[in-house]
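This report refers to the structure that appears directly beneath it.
Residue numbers (the working numbering), protein chains in the order written: chain R, 3 to 371; chain V, 121 to 773; chain D, 125 to 267; chain F, 54 to 331; chain H, 13 to 330.
Right, here's the structure in full:
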């Protein structure tokens, strides 16, 4: 069997239809002007030109899912007696994420440490993750805001992917990264990719240098703990934050969730749903006390979690994949990479000029009215 | 949670068309329900005992009774569960009688509907929270609005019971309609002779404070604590100086003023005392006719007044009073004769109304009791009375009976014969309504002893012919057309509500019916209460009624106030709005929409501004709850979660 | 029960305690026969009815919603139904924009004495909702 | 908890007894429905459990009965929010869910031979109770045991039967206080931190364990420092809004530590290291 | 140079305020971002051009206790008027620096025009022409083609309230009838089409609440009933009906209050036309009560008041 494969451009839809035969294929699809990951079928319009607005994390970690259902059973003879039955399903259908970006795929690795490599693995995540093959499309050019190379990734980074796909003139070069990924070579409509390997690998390298690295110098985020612990710093850099959940919900690595019960008469479910650390209610206690009452404290925790706490726990790995979605889609353009670059410290100058990536010559942008 | 459900057969009222056993069986399957049973009459004493027993034995913490309308028995059962140790708000009712068994014909569908109604009640009761009333002090003063016979009776009864009474009368004297009557049926005794002493009592009672020629501007507050703004209208006579001597009235050069008291039978002076027995007996100027006001010069009364009481510069004065209860006895009006074009619509001077005829009959009236017709002051020999002039006439929007016209027409016919022995009276009537004690005998006497000719039929037209009025009508008993040549026609005009009854109701927060009459709490069992606690009704403002009925209601309302005031403290209804200060964002939209100004802003210690409900002022409408975007202000017992539980019980199944 | 459910549609009624609930009681006392689809939720005042309750009901399974309060000027709480009138009219106009037939929602004023009007309203509204059919049938077909 | 178990799935359990502790605190004695599981159930003093009322949700409570008395698991619940309000409506025989044990525990091995000073306020006595009863059941292992406990008013004192017993024991010294004078109260008055200063215990060879409302903990820690207790010898338990109970859902962290998994028991030295805001 | 005059205007009031809200360049050439200036030297960061899309007044309620200078466009000024109507700000604590505006860009529309290529540079010409440079080359666009829909029908290019006006007032040359043309057009669709439309749009919602948090009139923020259990209006399930319900909550809470700044729609990362429902309600409010939000500070939002006789509301017959 060949080691790599190739799918002609015009055969891509057919190829995806083949893939759909024994798995649900999630692919970036166009809805209006929005690209979203959703189940691919004949009615959807594939869009591989740019990263999807949302990451494919929903495939393995749905926006909401049932942890278990419960049923109150009344004794037929004695209404005073009521028992509960619980039922949990951790058996999931096969799925394929087609057209994730390397940052998206890397996001799953951030999840894995928390959800799988622990003494209490999460059966839902794990169940879906094991049943999901991730076929990643290398980025040919960066999108506004992205900075994967600054957090250990890159436009052709393989971590987290089962298959790497490189878009070439005539079609898609497909190389398995994991054992699971090798299965893709057996799908009909795929041809041997060997003749395209060289061009593809060249392509993969090319785009790397186009990606910005906001962390200048050595290109690694560094955090001054003194500055990090300074409330005024956060008050200054996040005053414009609206405290919404766009950044966390679009983040391929944000994995926080909420658990709530819903019940209708005798039946109900315990539901897990996405939650975000930028929401006030996230940490709000029943008594009304809130340990993170302000958006400053919440933002500090979010940055801290990604760049301090997670690395502290998991061998220095940064819990940010640099996809740039939180920057691109932030309603007020809060830029986490900028904030982290400020955090180099040791002393934060409030009058700091913006980092180089930002326009300094604002006069040239004048609207001549 | 341990909910107990009691499903009432209501004899056959419910069980006849609802399979109550099936309802109980299905109810037992609901989570939280540990007990469900059926009972023949749950509201009966043993039925209530059954509930109490089950609360004890089954350790119930919430109760649902599925029976009749909560408007009927909610309070009954709340007391029952309270006696068994539960908070009275851990109770809900499912109405499966008025809303199910009585209106649905299919037993299967009815049963299903009843099951769902119970399910809704169970889901709601599970969301119920215990609520506790707080008690507050009562201001033991009572306001009586309207000084007619009902209002005076109420005021006197209250005052005799030791309560302080404010009696507000909008005209210059108390007495109302009864003071205008000549005699009363069926005893033919002199109206003012029996009313006069009462009027004097009102004036002299040291517990009664009379505000004559005054109106209610504003009513704020709630049962036990009302703030009233009373407008004392300008009389242009300083009543502290006026002795009621009448000199001003004699000398007043403006002799063509409209006489409100006499319903315009004859003119009066611009400064006048309405009638000899007026209480207070004080003069007042009618600025619409007074030359000093109309022309800017005159000043005769000021000159002649021996006590220098005249004050042309007098302004209305607004006084604030505080009371704990209000009796509304604002009386009635009569339909404007112009609305009856077939009877001449006011164009013919010799077609007059019953009340005008009362004044003509009255010895202290404008004609000193001599019956003369308005056009030529000649004594009429043929008098035609037309009953139901406007009453029971859907075409002009008065479908109801005016209650007392039949009786006063009989009385007036009798009196006519007394005054003018050679006269003949005719009465056109639709039905003779005389159900009171001695009433029917009275109408028979009119016919049998006084020879009054009763013609059953409607009058179709009245028109003049020479100096006579032709009254054309049908005699439905004989089946013929009748024409009577009359010297004088008296219309028993329909009783209607006061033109400002609606405004008054809005000030009082009480409801009124299509015709402007105030609505009692229950037509049979709570005839003088309104749905606003602390406000009671007496007299014809609630619907047309005669003197004995009005007096009865006056006394009844007074006794209700006495009962209310028998305690020093009142319990507030805890089903009022409550603010969750953690959720309140201080937008204060609730403050803007509250119909009762029961919400104000409050600053917390941390500087946050939140809404704050004045519990005793809140009436529990819930407008604030549906206004509040963040669900921070919740009407207790009808919270979002309670209503959502009901919605879900219907929809999510 | 299921065949019963099949014959009936889900109609939710929000009735103010003082007028319309009383009107429904009056209809009951007068034995004015009505269709059985309606389920009544008692609220103190039509002003308590947040339009969101109606939306919630329609989105979650109701085929029709009826709101009834005291006649304007006749509100037990003086102004409650005046607020209700504006809010409910707003919703009435919004529903078709969402693709929900506005005929599935009706609001009216019925006094405690108008048992006959209540009977007529329930009968007519139920009939209309039946003519429109179930709101949610389409979705059930495609789970 | 075994490797393959679904960590979100509670064990079904039955409330066997409800005890009214104070006007707003009730204790629940609970047994797992599966007798085998109940028999095998093991935990350490200080560990917590998540109680479920299915349809409403979960909330975290310390198991306040000691592992040395395994007839039932006891949890004490103060009514503050949605879940606790519903728990307060539970009756004997009602079905609930239990996920336990979760979190870490008091380092009782390290405390052997030492003098122990318990400082509790209100429902904060719950975690301390577990350890107190555990130590009393292993009395010989520990030195002097002093318990300083306070609440707002006398009716607000939890575990009144235990307090009576401890008071009567010669090997425990119990100091009770309420915030202000109260009819019939003849013991101390004053806030717990103030009383702590008054009794001024020696830090020598002593471990101080404190739990109570945040404001009390804050001042107790300050006062203990003034009394020269070392940070390592001051132990407290923390609370936060918790959901998953296994260190994933992200809300109860102090820096990289999760109260639900790495806590709730921390020494003051640890908290300082994690830069917790106390 | 409007930017320069704006800087001067802000410098002129800087000493009177605790913070000044204006715009600075964002993370790339296509984005401006709000800036909170507390120190005079920061004023140099300030920019003014068609990238300045944000409605800065959204921040005012949260800064109620502070003295704030804020840069507002005509559309943004309606928010301030609405705040005044509802008593949500202390007017005396706000210094309004008004700027007459010929329109801003829609980032999404520019990106659409450039096939979502990263923008290397963007310059704005005098007559509304925009030159965009991407890796693929240069392209000239017209502001009128890439502005948000609200600019196309803008009736208030000059702020309604302000303390200082930077630049000369502009009068609108857009027909008032055009404002709700899209709403009326949508109403030509069949009921089924409309329902389908909303179902497809709302299905994308991820309930990140960006629309809510960006909305200046969404005053509840942390207390939003989309997340509470008491009251428990909606669950956290990501089902269509729950998403639908959330958007209904949003729309109904803004009924007669929405100033149509479009921030909700701009903020939505999933491209949902969130503003449409509110604009439909506004149209009805205008027809029913002659009310337009954010125009007259003395006005009252129509759902917080009433008339005893509502001549425009007819009784409905079944």
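Heads up, the beta-carbon is just placed ideally off N, CA and C, and yes, glycines get one too.
Values in this document were obtained by computation on a predicted structure and should not be read as measured data.
Note that the C-beta distance between residue 70 of chain R and residue 113 of chain R is not below 9 Å.
Residue 638 of chain V sits in a strand when the DSSP states are folded into three classes. In the three-state reduction of the DSSP assignment, residue 177 of chain V falls in the helix class, which pools H, G and I. Nearest neighbour of residue 132 of chain D by Cα position, chosen from D:198, D:239, D:185, turns out to be D:185. Of V:300, V:443, V:383, V:293, the smallest CA-CA separation from residue 404 of chain V is found for V:293.
The three-state reading of DSSP puts residue 236 of chain H in coil, since its state is none of H, G, I, E or B. Contact annotation: the segment 719-733 of chain V touches the segment 699-710 of chain V, with at least three C-beta pairs closer than 8 Å.
Listed in chain order, the non-local C-beta contacts of residue 37 of chain H below 7 Å within the same chain comprise 44, 59, local neighbours out to five positions each way being set aside. For residue 230 of chain F, the enclosing beta strand (DSSP E) stretches over residues 225-231. With respect to the C-alpha of residue 580 of chain V, the residue from V:549, V:266, V:555 having the closest C-alpha is V:549. Taking C-alpha positions only, residue 205 of chain F is separated from residue 327 of chain R by approximately 51 Å.
Remark: fewer than three beta-carbon pairs, one from each stretch, lie closer than 8 Å, so the segment 192-208 of chain R and the segment 124-137 of chain R are not flagged as touching. The criterion of a C-beta distance shorter than 9 Å is satisfied by residue 453 of chain V and residue 619 of chain V.
Annotated as proximal: residue 293 of chain H and residue 263 of chain H, with beta-carbon spacing under 9 Å. The segment 218-232 of chain H makes contact with the segment 243-251 of chain R: 3 or more CB pairs, one atom from each, lie closer than 8 Å.
At a cut-off of 9 Å, the C-beta of residue 191 of chain D has no neighbouring C-beta in chain V.
Each residue's CA atom was taken as its position, placing residue 450 of chain V and residue 268 of chain V some 8 Å apart.
Taken through DSSP and simplified to helix, strand or coil, residue 193 of chain R comes out as strand. Among the CB atoms of chain V, none fall inside 9 Å of the CB of residue 104 of chain H. Excluding its 5 nearest sequence neighbours in each direction, residue 138 of chain F has C-beta neighbours in its own chain below 8 Å: 132, listed in chain order. Unbroken alpha helix (DSSP H) runs of no fewer than 4 residues, entirely contained in the segment 257-328 of chain F, are found at 267-279, 321-326, following chain order. At a C-beta separation below 7 Å, residue 144 of chain F has these neighbours in chain V: 122, 179. In the pairwise beta carbon analysis, the segment 71-79 of chain F is classified as not touching the segment 280-288 of chain R: fewer than three pairs are separated by under 8 Å. Within chain H, the residues whose beta carbon sits less than 7 Å from that of residue 211 of chain D are 315, listed in sequence order. Using beta-carbon distances, residue 90 of chain R counts as an interface residue toward chain F, with a partner under 9 Å.
Residue 519 of chain V sits in coil when the DSSP states are folded into three classes, being neither helix nor strand.
At least one CB of chain R lies nearer than 9 Å to the CB of residue 247 of chain H. Short of 6 Å from the beta carbon of residue 144 of chain R, and not among the five residues preceding or following it, lie these beta carbons of its own chain, in chain order: 212, 213. Between residue 112 of chain H and residue 86 of chain H, the C-beta spacing is below 9 Å.
Take the alpha-carbon of residue 82 of chain H and the one of residue 240 of chain R: they are about 18 Å apart.
In this chain, residue 406 of chain V is not harboured by any beta strand (DSSP E), its DSSP state being neither H nor E. Taken through DSSP and simplified to helix, strand or coil, residue 164 of chain F comes out as coil.
At a C-beta separation below 8 Å, residue 308 of chain H has no neighbours in chain V, since its nearest C-beta there lies roughly 16 Å away.
A residue is called buried once 16 or more other Cβ atoms fall within 10 Å of its Cβ, and residue 43 of chain R, having fewer, is exposed.
A buried status is given to residue 41 of chain H, since no fewer than 16 other beta-carbon atoms sit within 10 Å of its beta-carbon. Exclusion of the five residues before and after residue 312 of chain H leaves 97 as the residues of its chain whose Cβ lies within less than 7 Å of its Cβ.
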